[in-house]
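In my numbering, the protein residues as written are 1348 to 1452.
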């Protein structure tokens, strides 16, 4: 299943970076029962990351891309819950960074 994931990265000095992620969800989840343990082979494959600053300029930054991957990974259960309900545009809570804008660009 293809999904779009949206959130903002807010830097320590108050700058906002808009994030748009295209991702493919795959795998399956089988909850535990009396005879079996949990089987969870779900994966989120991020295919495209678009970063835009407050002036609507595209940003290319390896540090920011790493933050995006971590934030998506940290919210994998929330992403799957929404996707299972048929939602293909998923909005996550903002990521608040402890670094200034110039430090992560």
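Where a beta carbon is used, it is the ideal one built from N, C-alpha and C, also for glycine.
Just so it is clear, the structure is predicted and the values come from calculations on it, not from any experiment.
Considering only the alpha carbon of each residue, which of 1415, 1445, 1452 lies closest to residue 1355? Closest in alpha carbon position to residue 1355, among 1415, 1445, 1452, is 1415.
Hey, how far is the Cα of residue 1412 from the Cα of residue 1435? Straight-line Cα distance between these residues: approximately 21 Å.
The alpha helix (DSSP H) spanning residue 1363 covers which residue range? Where residue 1363 is concerned, there is no enclosing alpha helix (DSSP H), although the beta strand (DSSP E) it sits in stretches over 1363-1373.
Any idea what DSSP makes of residue 1411, helix, strand or coil? Residue 1411 falls in the helix class under three-state DSSP.
Check residue 1358 in the structure and name its three-state DSSP category. Residue 1358: coil per DSSP, three-state reduction.
Per DSSP, cross-strand counterpart(s) of residue 1331: Only positions 1348 to 1452 of the chain appear in this structure, which leaves residue 1331 out of reach.
What are the boundary residues of the alpha helix (DSSP H) that residue 1385 is part of? Neither: residue 1385 is in no alpha helix (DSSP H) and is coded neither H nor E.
Give the secondary structure of residue 1454 by DSSP, where H, G and I count as helix, E and B as strand, and everything else as coil. Absent from the model: residue 1454. The displayed extent of the chain is 1348 to 1452, so no value can be given.
Cβ neighbours of residue 1450 in the same chain (closer than 6 Å, five flanking residues each side left out): Answer for residue 1450: no residue qualifies.
What is the DSSP secondary structure of residue 1434, reduced to helix, strand or coil? Three-state result, residue 1434: coil.
Would you call the region 1426-1440 and the region 1370-1380 in contact, with 3 or more CB pairs under 8 Å? The answer is yes - the region 1370-1380 touches the region 1426-1440, with three or more Cβ pairs under 8 Å.
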